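Chemist: For the sequence shown, numbering that gives the first Met the number 0 assigns the number 0 to the initial residue and increments by one for each residue that follows.
Here's a structure for you.
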Amino acid sequence: MAEIIFVTGNRHKVEEASLTLSKYGIRVKMTEFKKVEIQSESLEEIAGNAAQTAANALSASVISEDSGLFISALAGFPGPYSSYVFMTIGCMGILRLMSSQPDKRAQFRCVVAYCAPGAKPILFAGTSLGTVSNSMRGHWGFGFDPIFVPSGKDARTFAEMTTSEKEFLSHRGAAFRSFGQWYEKTNPSSGV
0 MAEIIFVTGN RHKVEEASLT LSKYGIRVKM TEFKKVEIQS ESLEEIAGNA AQTAANALSA
60 SVISEDSGLF ISALAGFPGP YSSYVFMTIG CMGILRLMSS QPDKRAQFRC VVAYCAPGAK
120 PILFAGTSLG TVSNSMRGHW GFGFDPIFVP SGKDARTFAE MTTSEKEFLS HRGAAFRSFG
180 QWYEKTNPSS GV
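See the structure below:
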């Protein structure tokens, strides 16, 4: 199996990435390197800069990821600031902001950036359309998973799904599948 360094401090993201990328013959290794996260309105800029900075500092190829919850009625808020918003007002704060909003449409977006030392990052995106629920539901997942219901026949939140079920529907799963497919074609010896 090929091994790739994932620049993140979030073990949940590593678990999700590992589940997806193992299907492409890629083992994910978490690093202690502190991810550099610039302030930007663009997930692409945030993920790309983090990957490029880490690849050059570690002299190794790496992946980085940035994602956010974009809520239609709140003009895309919290978007790229989702992590900070989660730490400050959490799911309950979002539910309070949404309590009088009839439009519950939302989407999770994810950008995975792959970068080799001295190179420019290559980006892979994924989106999961859905709605904000009226209450927190479920105990799996992390972040805003208890309040996000992906589109489809299933009315469960991400937090009511197993990691495998979520990976199939999630923005992160889609972005990592795109990366995995590209990596497998680019590095045929890494395939299963």
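Note that the Cβ used here is the ideal one computed from N, Cα and C, for glycine as well.
Nothing here was measured: the structure is a model prediction, and the numbers come from that model.
Leaving aside the five residues before and after A72 along the sequence, list all residues of the same chain whose C-beta is less than 6 Å from its C-beta, in chain order.
Modeler: By 1-based counting over the sequence shown, the position of residue 72 is 73. Contacts found: Q100 and D102.
Chemist: Taking the continuous beta strand (DSSP E) assigned at L68, which residues delimit it?
Modeler: If you number the sequence shown from 1, residue 68 lands on position 69. Segment V61 to I70, the beta strand (DSSP E) holding L68.
Chemist: What are the boundary residues of the alpha helix (DSSP H) that V84 is part of?
Modeler: By 1-based counting over the sequence shown, the position of residue 84 is 85. V84 -> alpha helix (DSSP H) spans S81 to T87.
Chemist: For S169 and F175, what's the separation of their Cα atoms in angstroms?
Modeler: In the sequence shown, the residue the question calls residue 169 occupies position 170. In the sequence shown, the residue the question calls residue 175 occupies position 176. Approximately 10 Å between the Cα atoms of the pair.
Chemist: Quick one: Cα of I70 to Cα of Q38, how far?
Modeler: Here the question's residue 70 lines up with position 71 in the sequence shown. Here the question's residue 38 lines up with position 39 in the sequence shown. Roughly 19 Å separates the two Cα atoms.
Chemist: From T161 to A154, what distance separates their C-alpha atoms?
Modeler: Numbered from 1 along the sequence shown, position 162 holds the residue referred to as residue 161. Numbered from 1 along the sequence shown, position 155 holds the residue referred to as residue 154. One C-alpha to the other measures close to 14 Å.
Chemist: Okay, do the stretch 131 to 140 and the stretch 111 to 118 touch, 3+ Cβ pairs below 8 Å being the bar?
Modeler: The stretch 131 to 140 is not in contact with the stretch 111 to 118.
Chemist: Using the Cβ count rule (16 or more neighbours within 10 Å means buried), how would you classify T19?
Modeler: Reading the sequence shown from its first residue, position 20 is the one you call residue 19. Classification for T19: buried.
Chemist: Enumerate, from N- to C-terminal direction, the unbroken beta strand (DSSP E) stretches of 3 or more residues contained entirely within the stretch 90 to 144.
Modeler: Qualifying beta strand (DSSP E) stretches, in chain order: 104 to 114 and 121 to 131.
Chemist: Compare the beta carbon distance of G172 and S150 with 8 Å and say whether it is the shorter of the two.
Modeler: For the purposes of this step, residue 172 is taken as residue 173 along the sequence shown, with counting starting at 1. For the purposes of this step, residue 150 is taken as residue 151 along the sequence shown, with counting starting at 1. Cβ atoms of G172 and S150: not closer than 8 Å.
Chemist: If I'm right that A112 touches A46 with Cβ under 8 Å, what's the distance once you round it to whole angstroms?
Modeler: Within the sequence shown, numbered from 1, the residue matching residue 112 stands at position 113. Within the sequence shown, numbered from 1, the residue matching residue 46 stands at position 47. Yes, they are in contact, since the Cβ atoms of A112 and A46 sit about 4 Å apart, within 8 Å.
Chemist: Could you tell me if T87 is buried or exposed, where buried requires 16 or more neighbouring beta carbons within 10 angstroms of its beta carbon?
Modeler: Within the sequence shown, numbered from 1, the residue matching residue 87 stands at position 88. So T87 ends up on the exposed side.
Chemist: I'd like to check one pair, K28 with V6: are the Cβ atoms closer than 8 Å?
Modeler: Counted from its first residue, the sequence shown places residue 6 at position 7. Counted from its first residue, the sequence shown places residue 28 at position 29. In this structure, K28 does not lie closer than 8 Å to V6 by Cβ.
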